[in-house]
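Structure record follows, encoded as C-alpha cells.
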Amino acid sequence: MTQPLLAVEGLVKHFALKSENWFDRSRPLVRAVDNVSFSVGHRETLALVGESGCGKSTTGRLILQLIDPTAGAVRFEGADLVTMAPQALRRARKDLQIIFQDPHASLNPRMSVEDIILEPLYAQGERPSAAMRTYAGDLLEKVGLSRRHAQRFAHEFSGGQRQRIGIARAIAPKPKFVICDEAVSALDVSVQAQIINLLQDLQEELGMSYLFIGHDLAVVRHIADRVAVMYLGRIVETAPKTTIYAAPRHPYTQALLASAPVPHPRLRKTRNRLRGEMPSPLNPPSGCHFHPRCPLAQDVCKTDDPVLRTLESGHEVACHFAELTAGGPAPRPS
Amino acid sequence: MSAPLLDIRNLSIGFPAGKGEVLAVNDVNFSVAPRELVGIVGESGSGKSVTALAIIGLLPPNARVSGEIAFAGRNLVGLPQRQLRGLRGKEMGMIFQEPMTSLNPVFTVGDQIVEAVRAHEHMSLKAARDRATELLDKVGIPSPRRRLDDYPHQMSGGMRQRVMIAIALSSSPKLLIADEPTTALDVTIQAQLLDLLNGLREDFGTAIVLITHNMGVMAEIADRVVVMYCSRVVEEAGIFDLFDRPQHPYTEGLLGSTPDMGETAHRLTTIRGGMPNPADLPPGCLFAPRCDKAIAQCTTAQPPLFELGDGQKAACILAPKLQTEGAT
Amino acid sequence: MTSLSDAAAPPRFLRTRALVRRMFANRAFMLGFVLFGFICLATLLAPLITRLDPNALSIRDRFQPPSLQFPLGTDNLGRDMLSRVLYGARLSLWIGLCVIVLNAVFGVLLGALAGYYRRLDNILMRIADALMAFPAVLLAIGIAAALGPSAVTAIIALAVVYIPRTARVVRASILVVRELDYVQAARAAGATDYRILMRHILPNCMAPLIVQLSFVFAYAILSEAVLSFLGLGAPPTVPSWGILISEGRSYLREAAWLTVVPGLAIAITVLGLNLLGDGLRDVLDPRMKVEQG
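Residue numbers (full-length UniProt numbering), protein chains in the order written: chain A, 1 to 334; chain B, 1 to 328; chain C, 1 to 293.
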C-alpha cells in the first residue's frame with residue numbers, strides 16, 4: 001500500500017482548566033482528544049463524526065497545528081508536522097487548508113472578497129498583481145460566484161455565498177488536503193445541498209482529500225468515502241461508508257444511526273433509543289467510555305479500555321464484543 | 001372532523017422597514033385539530049417563527065397583524081395583552097430553540113417550575129414542588145427530586161430543553177408550540193426529545209405546532225405539514241402525501257436537498273439560487289425565479305392555494321393540471 | 001454548478017456612506033461633534049476672532065466685566081479673557097492630542113503584546129493593574145511633581161496614567177478577535193504573527209480603541225487643568241485653561257468670569273468629547289450594522 005497523504009498517530013490533547021480553588025493548584029485535565037489515530041488517502045474523504053464535545057473539531061485543529069498536541073504525530077506526506085521547524089511548517093501549510101462552520105465569523109469583515117481569497121497566497125509571500133486578481137476572479141467563478149464580487153465585502157453576501165467565499169479561500173493555494181469543519185452545518189437545507197455538491201465537484205476537479213468533520217450522519221453519507229466515529233475523545237469505529245451504514249459494529253455507532261431521522265414517514269418506528277447523555281470529558285467513565293450507556297456492557301467494559309482492532313469485515317472497532325454486534329440493533333428497518 | 005383547536009385565517013404580519021413595510025407572514029391559512037401534530041417547515045426567512053410568535057402573542061409591538069387566529073373558538077388577534085397573558089402558559093405553552101437563554105440562570109430549575117405551576121393554580125409550595133417533581137419525571141429527567149435544586153448551567157442542553165417542556169406542561173396546555181426545539185441538540189438527544197414530544201400527545205392530549213427546517217424531523221413525528229416559503233404557505237399536506245407526491249416544486253426541491261439515510265446515497269438535487277430579498281420580491285409566484293418548471297404565466301400573478309383533495313393544497317398553477325381529478 | 005444572482009449587493013462606497021449616515025443619525029454623536037467642532041474651530045481661528053494679545057498687559061483695564069470691548073472681560077492684569085481662553089485652548093488641546101497619540105501608540109503596542117502573546121499577558125497586565133490601582137489624578141500629580149512642572153511633564157504624566165487603561169481595552173478586544181475563524185484561517189495558511197496582527201486582528205479592534213481614545217482626550221484635558229491648577233503643568237506665562245482657573249481663583253468673589261469662562265470651556269470640550277465617544281460607540285458597534293444580502 002502506498003503512503004497515505006495524512007496519517008495521524010496517537011494524537012493526544014489535554015486541556016488544563018483553571019482550578020476552582022485558588023489554594024488548590026492542581027488543575028483538572030480535560031482529555032479532549034485521547035490517543036486518536038487514522039489516515040486519509042489521496043483523493044479520499046474521511047468523515048469524522050460525533051456529537052458535540054467528542055473532540056472532533058479539536059482533532060481538526062490539532063492536525064493543522066492551530067493548537068499544540070500534548071502527544072502524537074501528524075504525518076503529512078511522511079513528514080511530522082508536530083516536530084517540524086517553524087519555517088518548514090509555514091511552507092507546508094500551503095497544502096493544508098480549512099473551511100469553517102460559521103460563515104459569519106470566518107471572513108475578515110474589513111477585507112474585500114478578493115483580499116480574503118488571496119490571503120493564503122499573500123501569507124505565503126506572494127505579491128499582489130494583476131495576475132493574482134485574475135486568479136481571484138477565476139476562483140470566484142469556480143465556486144459559483146461572479147468575478148464582479150471581488151471588490152465587495154463579506155457582509156454584503158448571504159450565508160451560503162459567504163461559505164462559497166470561504167471555500168474559494170481554502171482552494172486558492174491549491175492544497176492537497178482540506179479540513180471541512182462542520183462546513184455545511186449552519187446553512188439552510190437548500191443551500192447546504194448546493195455546498196455539498198460544490199465540495200464534491202471541486203474534489204473531483206482538483207484532486208484534494210477532505211477531512212469532513214460533522215455531526216449529521218445523513219450529510220456525511222453523501223460526501224464521505226470512509227467514516228470514523230468519535231466518542232469522548234476516542235475513535236470507536238472506522239469503516240468504509242457502505243459498510244458502516246449498512247452494518248455498524250460499535251454499539252455507539254448503532255445508536256447514532258438509530259437516532260438519525262428517518263428518510264420517509266413510512267419508516268417510522270419505535271427504536272432503541274440511546275439512554276442518557278454523553279458524560280463530561282473532565283471525568284470520563286473508566287474502561288470503555290461508552291459502557292454506562294451501552295446495552296451490551298459487561299463487567300470487563302468497566303475496567304478494560306477496548307483497543308481499536310480490525311475485524312474481518314474491514315471495520316476497525318473499539319469494542320470488547322464487536323464479534324457479537326453484527327446482527328445488533330438494526331440501523332434501518334428492512 | 002372535529003372542530004379545530006387552532007384555526008388561522010388570512011394571517012398577515014408586517015414589520016416596518018425603512019419607509020415601507022415588509023410582510024414576514026403573508027395571507028397564511030391552516031388549522032390544527034386537538035392532539036394533532038402539525039409541522040411548519042421552511043428555511044430561514046420563510047416566516048415560520050414569526051407565525052409561531054403570533055400564535056402565542058409574543059410579537060414585538062411594532063408588528064402589524066391582520067387576519068384571524070382562532071384558538072378554541074376565540075380570535076386572539078387584537079386581544080388585550082392581559083387576556084393573552086392568561087391564555088399564554090395556561091392553555092398554550094411554547095418552547096424555544098435555545099433552552100439556555102430561556103431559563104433564568106440565577107434560579108434553580110425547581111424554583112422556575114414551581115413558579116410556573118403556581119402562576120396558574122393556587123397551591124401550597126409543597127404541593128407545587130411535588131407537582132414539579134412529577135413533571136420532571138414525566139419529561140424523562142432521572143432522579144427528578146434531586147434535579148429540582150440544580151441551576152440551569154448545571155444541566156446539559158437536552159436536560160434544559162426537558163425542563164422547558166416541563167414548564168410548558170405545568171398547566172396542561174391544549175397547545176404546545178415548539179420552535180426548532182431540537183436544532184441545537186445532538187442527534188441522540190434529538191431522538192429522545194422527539195419521542196418525548198410524541199408521547200405528550202397521548203399522555204396529555206396536547207396538540208403541537210412544531211416549527212423546523214428539518215424534513216427528517218417532520219418524517220419522524222408530524223401528522224400534517226405546512227411548507228412555507230418567503231412568508232407564504234406554498235403547500236399543505238398530510239405527511240405521507242407530502243413525501244410521496246409533493247405538489248409544489250419548492251417542496252420537491254426541499255426534499256431533494258435533504259441529505260437522508262435512504263437506501264442509496266444519491267447526489268443531492270438542489271434548488272438553484274437563494275432566497276429573494278424580502279424588500280424586493282419578484283412578481284408573481286415568489287418561487288418562480290428558482291423554479292425549473294416555471295412558465296411565463298408564473299411571473300404574472302401569485303397563484304392561490306389550490307385544493308387538491310385529501311386535504312392537500314399547493315400554491316402552484318401547475319399543481320391542478322398535474323392532478324388528473326380532485327381539483328376544486 | 002449553480003450560479004448565484006448578484007442582486008442586492010451594494011457597491012463598496014456605500015459602506016462609508018452608510019457609516020456617515022449612521023453618524024449623522026446619532027444624536028449624541030452629532031451634538032458632541034458640534035460642541036467639540038465649535039471649540040476646535042474657535043481655537044484654530046483665534047487670531048481672526050480677537051486681535052488682542054493674550055499676554056498684553058493693560059493695568060487700566062483690570063477686572064473689566066464682559067463688555068463690547070472685552071467680550072469675556074479682563075483679568076487682574078487687564079489681559080483680555082477671550083484671547084486668553086482661545087489661546088489657552090491651543091495648549092489644552094495640544095496636550096490632549098499628544099496624550100492620545102502616545103496612548104494610541106503605546107496602548108495598542110502593549111495591548112497587542114498582552115493579548116496576542118499570552119506569556120507576556122500576566123506580566124504586562126499586573127503592571128497595568130498596579131498603575132491603575134492609584135487614582136488617576138493622584139498618580140499624574142506624583143509623576144509631574146517628580147519631573148518638575150512643564151507642558152512635557154504633563155503630557156508624560158497623563159500618558160502614563162491612561163496608557164494602561166487603553167492597553168486593557170485593546171487587549172480585551174484582541175482576546176475576542178484572535179479566536180475568530182478568520183484569524184485561525186490566516187494562521188492555518190501560514191501567515192506570520194506580524195501579518196495576523198496587522199491585517200486581521202488590529203483592524204477589527206479599532207472601534208473600541210477609537211471610542212476609548214475620545215474619552216482619554218476628555219480626561220486628559222480635564223487632568224491637565226488639574227495639574228496646571230496645582231502648578232504642575234505648563235508654566236504660568238503660557239495660558240492653559242487650568243492655569244486660567246488657578247489664576248482667577250483668588251478673585252472668585254470680585255470677578256467670577258475669570259474662573260467661570262475657562263471652566264465653561266473645559267466643560268463644553270469634555271462634554272462634547274464624551275458625547276462624541278458615546279455616539280461613536282453606538283455607530284461603530286458591529287451589532288448596529290444592518291445585515292444585507
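C-beta: ideal position from N, C-alpha, C; glycine also.
Within chain B, the residues 43, 44, 213 have their CB atoms less than 7 Å from the CB of residue 188/A, given in chain order. Looking at the DSSP output, residue 208/A bridges to nothing.
At least one beta carbon of chain A lies nearer than 8 Å to the beta carbon of residue 182/C. With a cutoff of 8 Å on beta-carbon distance, residue 294/A and residue 251/A are scored as near each other.
Proximity of residue 194/A to chain B, defined by a Cβ-Cβ separation below 8 Å, is satisfied. Contact annotation: the region 78 to 89 of chain A does not touch the region 155 to 164 of chain A, with fewer than three C-beta pairs closer than 8 Å. Ranked by how close their Cα comes to the Cα of residue 102/A, the residues 165/A, 11/A, 209/A, 193/A have 165/A in first place. Taking C-beta atoms as the reference points, residue 215/B and residue 255/B count as a pair closer than 8 Å. Residue 147/B sits buried, since 16 or more C-beta atoms from the chains shown fall within 10 Å of its C-beta. A straight-line Cα-Cα distance of about 14 Å links residue 240/C and residue 249/C. Exposed is the label assigned to residue 198/C, since fewer than 16 other Cβ atoms lie within 10 Å of its Cβ.
For the pair residue 217/C and residue 163/C, the CB atoms are not nearer than the 8 Å cut-off. Residues of the region 113 to 124 of chain A with a C-beta less than 9 Å from any C-beta of chain C: 115, 116, 119, 120, 121, 122, 123, 124, listed in chain order. At a beta-carbon threshold of 9 Å, the residues of chain A lying near residue 217/B are 261, ordered along the chain. Cα atoms of residue 95/B and residue 140/C: separation of roughly 56 Å, rounded to the nearest angstrom. By the 16-neighbour rule on beta-carbons within 10 angstroms, residue 293/B is exposed. Assignment of residue 138/C by DSSP, reduced to helix, strand and coil, places it in the helix class. Secondary structure note for residue 250/B: its alpha helix (DSSP H) is the uninterrupted segment 249 to 257. One finds nothing in chain B with a Cβ atom closer than 7 Å to the Cβ of residue 207/A; even the nearest lies about 19 Å away. Annotation for residue 93/A: no alpha helix (DSSP H) segment contains it, and DSSP assigns it neither H nor E. Membership of residue 16/B in any alpha helix (DSSP H) is not indicated; the residue belongs instead to the beta strand (DSSP E) covering 6 to 17.
Note that the region 164 to 182 of chain A touches the region 110 to 118 of chain A; at least 3 beta-carbon pairs, one per stretch, sit closer than 8 Å.
If you draw a straight line from the Cα of residue 14/A to the Cα of residue 32/A, it is about 6 Å long. Among the bridge pairs identified by DSSP, residue 92/B is matched with 88/B, 175/B. Secondary structure note for residue 15/A: it is in no alpha helix (DSSP H), and the uninterrupted beta strand (DSSP E) holding it is 6 to 16. Counting along the chain, residue 82/A sits inside no alpha helix (DSSP H), nor does DSSP assign it H or E at all. As computed with DSSP, residue 236/B is found in a beta bridge with 226/B, 313/B. Three or more beta-carbon pairs drawn from the region 206 to 215 of chain A and the region 170 to 181 of chain A are found closer than 8 Å, and the two stretches are therefore classed as touching. Interface residue (Cβ-Cβ distance to chain A less than 8 Å): residue 122/C is not classified as such. Closest in alpha carbon position to residue 200/B, among 37/B, 154/B, 297/B, is 37/B. Residue 317/B has its alpha-carbon roughly 52 Å from the corresponding atom of residue 279/C. Of the residues 117/B, 83/B, 70/B, 162/B, the one whose Cα lies closest to the Cα of residue 131/B is 117/B.
With contacts defined as CB atoms closer than 8 Å, residue 215/A and residue 226/B fail to qualify as a contacting pair.
Nearest C-alpha to residue 291/B among 123/B, 273/B, 40/B, 22/B: 273/B. With a beta-carbon spacing of about 6 Å, residue 247/B and residue 308/B fall inside the 8 Å limit used to define contacts. Using a C-beta cut-off of 8 Å, the region 46 to 60 of chain B makes contact with the region 85 to 94 of chain B, since at least three inter-stretch Cβ pairs fall below that distance.
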